[in-house]
Amino acid sequence: MTRIPLILDCDPGVDDAVALLLAFASLDRLDLRGITTVAGNVGLAQTARNARMLRQLAGGTAERVPVFQGCARPMVREPIAADHFHGESGLGNLAIFEPALPVAPGHAVHFIVETLLREPAGTVTLVVTGPMTNVAMAMRLEPAIVPRIRQVVFMGGARAEAGNVTASAEYNVHADPHAAAVVCGSGVPLVAFGLDATHQVRSTPARIAKLRALGSVAARAAADLLEFSAALEWNVATGRGAPLHDPCPVAWLLAPELFELVPCHLDVEIASPLTLGHTAVEFRPQPGRALHVRWATRADDAGVFDLLAQRLARL
Ligand code: RIB
Ligand code: CA
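Take a look at the structure:
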């Protein structure tokens, strides 16, 4: 089976960290050209360090994957962090250490542009699990990359679900709405995993225990990270654990049958202070507009956790 060439852009972040471990455990399927980090959940220095930490925890061939530092703030709006959800370090209660391998030289945006210009057009996938600042800035720096992108597969937005950072906006899009508008308006093929899908994929004590029982350093780290989120989000009333947002795009690349996608239009609100970052997801065809976005409406949550356990068992 041909490996999928991709760049993973993220703001680790507890769930980004689990997405990174899933990707590092799947290098037999994913041709992971690089990790690009962006300010979001926590500051840029922390997200870059955290990505390097997860790479070291994964070990093995993961350590050949370069980690680049990207944009330190959104394109226009003031930064909004999410450290209340991810802890001061961005990795919950995980013991923080200075990774042995450094950040790769050069800016993440330049790495994205150079990779897309070098590789055959239409072959490289961009996975984005944080604010879309780096990808949008790459598109602005070098517009020639847009038709060369195979697809952008991202975690962000909400339609049927309410927002999780404001009444109407999901964090990644709200944190840099102008970047999301640039990317979603570029015409590049998009696969969007919004809260409609990710809220269906919930950690439970049994699922976390299954990961911990795998016994490896990486699996125990994943269990610790999910337990941190669960402690914050366990809803006694509904008995639902924390949603597993950022692993969903990576899980889809590995096992697309775990999700249902619906073609749509997707526009991002950038003018209204009240609904800044709202994603208007329209399934009805609009005259003269291609339905270039696929919106995830269903997720097989048990299947996602089975995949995660199968893959983490390889680390
Ligand atoms: O809304 C969920 C998203 O916001 C995830 O990417 C999580 O890491 C936070 O950044
Ligand atoms: Ca994230």
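Okay, so the sequence shown: first residue is -10 according to this note's numbering, each after it adds one. Quick reminder that beta carbons are idealized off the backbone N, C-alpha and C, glycines included.
*asked:* In whole angstroms, give me the CA-to-CA distance for residue 194 and residue 133.
replied: Rounded to whole angstroms, residue 194 to residue 133 spans 47 Å at the Cα level.
*Within the same chain, show all residues whose beta-carbon is closer than 6 Å to that of residue 308, passing over the 5 residues directly before and after it, in chain order.*
The structure shown does not extend to residue 308, since the chain is modelled only from -10 through 304, so no value can be given for it.
_If distances are taken between C-alpha atoms only, which option among 42, 54 and 35 comes closest to residue 16?_
Residue 16 has its Cα closest to that of 54, out of 42, 54 and 35.
*Using only the heavy atoms of ligand 2, determine whether one of them is closer than 8 Å to the beta carbon of residue 128.*
It does not: the Cβ of residue 128 is nowhere closer than 8 Å to a heavy atom of ligand 2.
_What does the Cβ neighbour count give for residue 196, buried or exposed, with the cut at 16 atoms within 10 Å?_
Buried, since its Cβ has 16 or more Cβ neighbours within 10 Å.
*Through-space distance from residue 261 to residue 25, alpha-carbon basis*: If I take the Cα positions, the gap works out to 30 Å.
*asked:* residue 242 and residue 142 - do their beta-carbons sit closer together than 9 Å?
replied: A contact, by the Cβ cut-off of 9 Å.
*If you scan the stretch 75 to 150 from start to end, which runs of the beta strand (DSSP E) of 3 or more residues do you find wholly inside it?*
Runs of the beta strand (DSSP E) inside the stretch 75 to 150: 113 to 117 and 138 to 144.
*At 4 residues or longer, and completely inside the stretch 210 to 296: list those alpha helix (DSSP H) runs for me, N to C.*
Qualifying alpha helix (DSSP H) stretches, in chain order: 236 to 243.
_Expected contact under 8 Å - CB spacing of residue 291 and residue 186 to nearest Å_ = Not a contact, Cβ separation roughly 14 Å.
*Cα-Cα, which of 268, 181 and 127 is closest to residue 248?*
Of the candidates 268, 181 and 127, the one whose C-alpha sits nearest the C-alpha of residue 248 is 181.
*Would you be able to state if there are at least three C-beta pairs under 8 Å between the stretch 33 to 45 and the stretch 105 to 117?*
Because the criterion of three Cβ pairs below 8 Å is not met, the stretch 105 to 117 and the stretch 33 to 45 do not touch.
*Taking only the alpha-carbon atoms, compute the straight-line gap between residue 93 and residue 23 and give it to the nearest angstrom.*
Their Cα atoms are separated by approximately 9 Å.
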